[in-house]
Amino acid sequence: MSDTGTPHDAPGGSETPPHGAPGRSEDETPAISLRGVNREFRRPRTSLTSAPAVVHAVRDVTLDIRPGERFGLVGESGSGKSTLLRMMSGLDRPTSGEIHIEGQPIQDSSARRLGWLRRRLQLVFQDPMSSLDPRMRIREIISEPLVAQGIPRGSKVDDLLERVGLSTDAALRFPHQFSGGQRQRISVARALAPDPHILIADEPVSALDVSVRAQVLNLIDEVVDGFELTLVFVSHDLSVVRHVCDRVAVMRAGEIVEIGPTEQLYQDPQHPYTQQLLASVPRLSEALAGRTAAELAERTRAALAGEGATDEAAALRLAEEGARADAGIDGGAGLRAEDVRHDRHEDEGGTIA
Amino acid sequence: MTTTPDRARGGARNNPTERAVTRESAPPDAPARETVLTVEGLDVHAGSTRLLHDVTFSIQRGERVGLIGESGSGKSLTALAVMGLLAEGVTATGQVRLAGHDTELLGASERRMSQLRGDRMAMIFQEPMTALNPTMKVGRQVAEVLTQHRTADRRAAARRAVELLGQVGLPDPRAVARSYPHQLSGGQRQRVVAAIALANDPLLLVCDEPTTALDVTVQALVLDLIVRGVEDRDAAMLFITHDLAVVATVCERVLVMYGGRIVEAGPVTEVLGDPQHRYTQGLVAASDLERARTGPGRQPLDTIAGNVPPAGRFPDGCVFRNRCAFATEVCEQVPPWTPRGRHEAGEHASGYACFHPVGSETGE
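Chains as they are written, first to last, in the working numbering: chain H, 1 to 353; chain V, 354 to 717.
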């Protein structure tokens, strides 16, 4: 499992299927299949004479997600996890490589021809306020995917509201009348409306309070079981991913550096970066047993030292830049935040079909 | 309870660099540590809406106290009231006193408060980008807090600024001093903010979610840095967070807020290891992802029913009673503070306000 060599060879070339899919037949069509997926972004030009810098946001990712699997994707900010997720859901296109959803390629189709994908794959986003239209009533929000698909609405909205634990009179209200946790329930109901096979959740509980987080995690658990969904769950919170997922991939600087069954990866991390992440997470049980901030930082430094960061300054630099796909661009030490800014929304480097 | 001072110093010992010295000179486990911050009966209103109810606590010299609670519970408001930074139209009543200053801080003039802020008390905010001035070089921003309060010598201040930036572990402090905030990464900016806050060796450092915006590896390093800075100066710290694991790592004592009241307080190991208030119990259980993993299959997480009400809509009496499974009629009254054990910082340092504390039920 989980290759410990250089990060470049860990996820394997485009032929070798990824590890960590035990006990399933070989010929089952994966729910999501990525083959050698790359995504490059071009920075805005800063000079007339030199070419703009290219950020390699996702590098050669090859991955199969089985139907019914709960797949987790962890990584720090800038590691490329959101870019990968956007490509999986047809919101962005790879520079090169192939993406198949339930056996059908999506990388070359225009958004208009991906209508079928929206019926099979739905998303839940991080911020439940900005992902719900404030001017629409809950009924309209939840039935919008149905309208877009031309599916008759029927009594589906009420069923869905009940299914996610909201009363049916919520249908006539507006998003601002709900708390964060309730809004996230509405997002889940909307995602479930077209009866998708795949649910992609991008940091769905990061904006929620602890007591509400548990409710929403339980809800996701219930609907994934109840609707027999394939779940792709993206988070920077390692303990949440551990709770939710069967298999986890760790991303760093655009690459998957380690992938494996959840418990195996958490208990016996192979890649230094995974070790470093796990070493840095504060845990309540350990803190109550007496671990101080100094000890926590010491563990982090030890893990960073394993990667060559010998003093505090180098450790900080590695901790901050090591995970980023755009680190080290422009020849500097990778420290300049202004370079790091614009990469998310720039879309110049994609293939022109 | 004697374990907490040990934990406090354990951190310093593990990290033998230049600091440690001041910490060792602190009195060993002295029973009467000086009280640095006293907050008594703090009420905050916005118009007719009561946002904070009778908040009472104190922090001693060298003590690190956490303030936890969900959003809307009033933790940031408490910090802002202490710092005299409440928005216009938000009024505070009660008492806030800082050691060595007899005046009541709540009624103090803005002029008086601005003498104290940045000098005797300082604050680290969640978002380091907005805490720094984007049009000013970082070195000048650190030097400014020195010239404002201590020295008229700009050159000495600039030299000291570079020193301070070096102390917070920034690579090449001279270069950092010459850069603008946007040229730094999040973790670097937060270190600059820490350097500014610690520049004048404050008596009290207030941190409002200082690492929430940072990635976990950077968080581990920055938390250590803040704790070291506070230990070196033997300062008191009020640390606000919603992350129970972070508060348990950083603090010795913790205050739990809900609905604008402190519902439970005490040493971290007691409050989070053996909570008494039903809200704290629910909060600890809901964040315990490890428990759900043990046992056959996937266990649902424990939850607290319902949602956090918006400000001003909390029930009268016990603020938690509309979400509490144990609430009875008696909870319509405000529960009295029940001290738990004896704590050197007084009865409000350790205790809870609950009519049906954990363990009081008969049939469970």
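Glycine residues also receive a C-beta, built at the ideal position from the N, C-alpha and C atoms.
Checklist entry - Which whole runs of the alpha helix (DSSP H) in the stretch 581-629 of chain V are 4 residues long or more, in chain order? => result 597-603 and 621-626
Item to check | Spatial distance of Val-157(H) from Arg-183(H) (CA atoms) | outcome: Working through the first sequence from its first residue, we reach residue 157(H) at position 157. Working through the first sequence from its first residue, we reach residue 183(H) at position 183. Near 15 Å, if we compare the C-alpha coordinates of Arg-183(H) and Val-157(H).
Checklist entry - In terms of alpha-carbon separation, which member of Cys-707(V), Asn-660(V) and Leu-485(V) lies closest to Ala-680(V)? => result Here the question's residue 680(V) lines up with position 327 in the second sequence. Measuring C-alpha to C-alpha distances from Ala-680(V) to each of Cys-707(V), Asn-660(V) and Leu-485(V) identifies Cys-707(V) as the nearest.
Next on the checklist: Using a Cβ-Cβ cutoff of less than 6 Å, which residues in the same chain neighbour Val-609(V) once the five nearest sequence positions on both sides are dropped?
Outcome noted: Reading the second sequence from its first residue, position 256 is the one you call residue 609(V). Hits under 6 Å: Ile-421, Val-616, Glu-617 and Thr-633.
Checklist entry - What three-state label does DSSP hand Gly-181(H) in the structure shown? => result As a position in the first sequence, residue 181(H) is number 181, starting the count at 1. Taken through DSSP and simplified to helix, strand or coil, Gly-181(H) comes out as helix.
Item to check | Coil, strand or helix - Gly-704(V) by DSSP | outcome: Position 351 of the second sequence, counted from the first residue, corresponds to residue 704(V). Correct three-state label for Gly-704(V): strand.
Checklist entry - Interface residues of chain H around Leu-642(V) at Cβ under 8 Å? => result Taking the second sequence and counting its residues from 1, one reaches residue 642(V) at position 289. Per Cβ cutoff of 8 Å: Ser-239, Val-240, Arg-242 and His-243.
Item to check | Residues that Asn-660(V) contacts on chain H, provided the C-beta gap is smaller than 7 Å | outcome: Here the question's residue 660(V) lines up with position 307 in the second sequence. Ordered by position in chain H, the residues that pass the 7 Å Cβ test against Asn-660(V) are Ser-179, Gly-181, Gln-182 and Val-212.
Checklist entry - Roughly how many angstroms lie between the CA atoms of Asp-330(H) and Thr-49(H), to the nearest whole one? => result Residue 330(H) sits at position 330 when you count from the first residue of the first sequence. Residue 49(H) sits at position 49 when you count from the first residue of the first sequence. Here the model assigns Asp-330(H) a pLDDT of 44, short of 50, so the residue's position is not dependable and the matter cannot be decided.
Checklist entry - Between which two residues does the alpha helix (DSSP H) containing His-502(V) stretch? => result The sequence position of residue 502(V) within the second sequence is 149, counting from 1. From DSSP, the alpha helix (DSSP H) with His-502(V) extends over 491-502.
Checklist entry - Can you give the Cα-Cα distance for Val-240(H) and Gly-154(H), rounded to whole angstroms? => result One-based indexing of the first sequence puts residue 240(H) at position 240. One-based indexing of the first sequence puts residue 154(H) at position 154. Distance between the alpha carbons of Val-240(H) and Gly-154(H): 36 Å.
Checklist entry - Roughly how many whole angstroms lie between the Cα atoms of Leu-316(H) and Leu-591(V)? => result Counting from 1 along the first sequence, the entry for residue 316(H) is found at position 316. Counting from 1 along the second sequence, the entry for residue 591(V) is found at position 238. Going from the Cα of Leu-316(H) to the Cα of Leu-591(V) covers about 25 Å.
Checklist entry - Among Ser-285(H), Val-250(H), Ile-198(H) and Pro-261(H), which residue has its Cα nearest to the Cα of Ser-77(H)? => result Residue mapping note: residue 77(H) aligns to position 77 of the first sequence, counting from 1. Taking only the C-alpha atoms, the option nearest Ser-77(H) is Val-250(H).
Checklist entry - Roughly how many whole angstroms lie between the Cα atoms of Ala-313(H) and Glu-298(H)? => result In the first sequence, counting from the first residue as 1, residue 313(H) sits at position 313. In the first sequence, counting from the first residue as 1, residue 298(H) sits at position 298. So the two alpha carbons sit approximately 14 Å from each other.
Checklist entry - Does the stretch 181-201 of chain H come close enough to the stretch 227-234 of chain H that 3 or more CB-CB pairs lie under 8 Å? => result yes
Checklist entry - Does the beta-carbon distance from Ala-598(V) to Ala-287(H) come in below 8 Å? => result Within the second sequence, the letter at position 245 stands for residue 598(V). Within the first sequence, the letter at position 287 stands for residue 287(H). Yes, they are a contact pair.
Next on the checklist: If distances are taken between C-alpha atoms only, which option among Glu-682(V), His-701(V) and Cys-677(V) comes closest to Val-711(V)?
Outcome noted: On the second sequence, position 358 is the one that residue 711(V) refers to. Measuring from the Cα of Val-711(V), the nearest candidate turns out to be Cys-677(V).
Item to check | Sequence-distant residues of its chain with Cβ nearer than 7 Å to Ala-484(V) (five each side left out) | outcome: For the purposes of this step, residue 484(V) is identified with residue 131 of the second sequence, where counting begins at 1. Within the same chain, Ala-484(V) has close Cβ partners Phe-478 and Val-546.
Item to check | Opposing strand residues paired with Asp-202(H) [DSSP bridges] | outcome: For the purposes of this step, residue 202(H) is identified with residue 202 of the first sequence, where counting begins at 1. Per DSSP, Val-234(H).
Item to check | Ala-53(H): contacting residues in chain V (beta-carbon distance under 7 Å) | outcome: Here residue 53(H) refers to the residue found at position 53 of the first sequence. Correct list: empty, because the minimum Cβ distance to chain V is about 16 Å.
Next on the checklist: Please report whether the beta-carbon of His-595(V) lies at a distance below 8 Å from any beta-carbon of chain H.
Outcome noted: Your numbering for residue 595(V) matches position 242 in the second sequence. Residue-level contact check: His-595(V) touches chain H, since one or more beta carbons of chain H fall below 8 Å from its beta carbon.
Item to check | Contact set between Arg-651(V) and chain H, taken where Cβ atoms lie within less than 7 Å | outcome: Stepping through the second sequence from its first residue, residue 651(V) is reached at position 298. Neighbours of Arg-651(V) on chain H, chain order: Asp-221.
Checklist entry - Excluding the five sequence neighbours on either side, which residues of its own chain have a C-beta within less than 6 Å of the C-beta of Ala-170(H), listed in chain order? => result Reading the first sequence from its first residue, position 170 is the one you call residue 170(H). Closer than 6 Å at the Cβ level, and outside the excluded window around Ala-170(H), lie Ile-138 and Leu-161.
Checklist entry - Can you list, in chain order, the residues of its chain whose CB lies under 7 Å from that of Ala-550(V), leaving out five sequence neighbours each side? => result The residue labelled residue 550(V) in the question sits at position 197 within the second sequence. Cβ neighbours of Ala-550(V) beyond the five flanking positions: Ala-475, Met-476, Ile-477 and Leu-558.
Item to check | Thr-300(H) beta carbon less than 8 Å from that of Gln-267(H) | outcome: Your numbering for residue 267(H) matches position 267 in the first sequence. Your numbering for residue 300(H) matches position 300 in the first sequence. No, these two residues do not count as a Cβ contact at 8 Å.
Checklist entry - Hey, how far is the Cα of Glu-28(H) from the Cα of Ile-101(H)? => result Taking the first residue of the first sequence as 1, we reach residue 28(H) at position 28. Taking the first residue of the first sequence as 1, we reach residue 101(H) at position 101. For Glu-28(H) and Ile-101(H), the distance between alpha carbons rounds to 13 Å.
Item to check | Beta-carbon proximity list for His-354(H), same chain, < 7 Å, skipping 5 on both sides | outcome: The structure shown does not extend to residue 354(H), since chain H is modelled only from 1 to 353, so the question has no answer here.
Checklist entry - What is the rounded straight-line gap between the Cα of Asn-675(V) and the Cα of Val-449(V)? => result The residue given as residue 675(V) occupies position 322 in the second sequence. The residue given as residue 449(V) occupies position 96 in the second sequence. Distance between the alpha carbons of Asn-675(V) and Val-449(V): 31 Å.
Checklist entry - Which partner residues of Cys-560(V) appear in the DSSP bridge assignment? => result Residue 560(V) sits at position 207 when you count from the first residue of the second sequence. Answer by DSSP bridge pairing, in chain order: Ile-477(V) and Phe-592(V).
Next on the checklist: Using C-beta distances below 7 Å, list every residue in its chain close to Pro-355(H), excluding the 5 sequence neighbours before and after it, in chain order.
Outcome noted: Lying before the first or after the last residue shown, residue 355(H) is absent from chain H, which here runs from 1 to 353.
Checklist entry - Within the chosen definition, does the stretch 623-639 of chain V reach the stretch 174-182 of chain H through at least 3 CB pairs nearer than 8 Å? => result no
Checklist entry - What whole-angstrom Cβ distance do Leu-518(V) and Pro-526(V) have, given they're in contact under 8 Å? => result Translated into the one-based positions of the second sequence, residue 518(V) becomes position 165. Translated into the one-based positions of the second sequence, residue 526(V) becomes position 173. At roughly 4 Å, the Cβ-Cβ gap stays under 8 Å, so Leu-518(V) and Pro-526(V) are in contact.
Checklist entry - Hey, is the stretch 199-209 of chain H in contact with the stretch 84-100 of chain H, meaning 3+ C-beta pairs nearer than 8 Å? => result These segments touch.
Next on the checklist: Using the three-state DSSP reduction, which class does His-406(V) fall into: helix, strand or coil?
Outcome noted: As a working note, residue 406(V) is residue 53 in the second sequence. Here His-406(V) sits in strand by DSSP.
Item to check | Boundaries of the beta strand (DSSP E) in which Asp-225(H) is found, first to last residue | outcome: Working through the first sequence from its first residue, we reach residue 225(H) at position 225. No beta strand (DSSP E) contains Asp-225(H), which is instead part of the alpha helix (DSSP H) from 210-226.
Checklist entry - Is it buried or exposed for Gly-80(H), if we count other Cβ within 10 angstroms and need 16 for buried? => result Here residue 80(H) corresponds to residue number 80 of the first sequence, with the count starting at 1. Gly-80(H) should be labelled buried.
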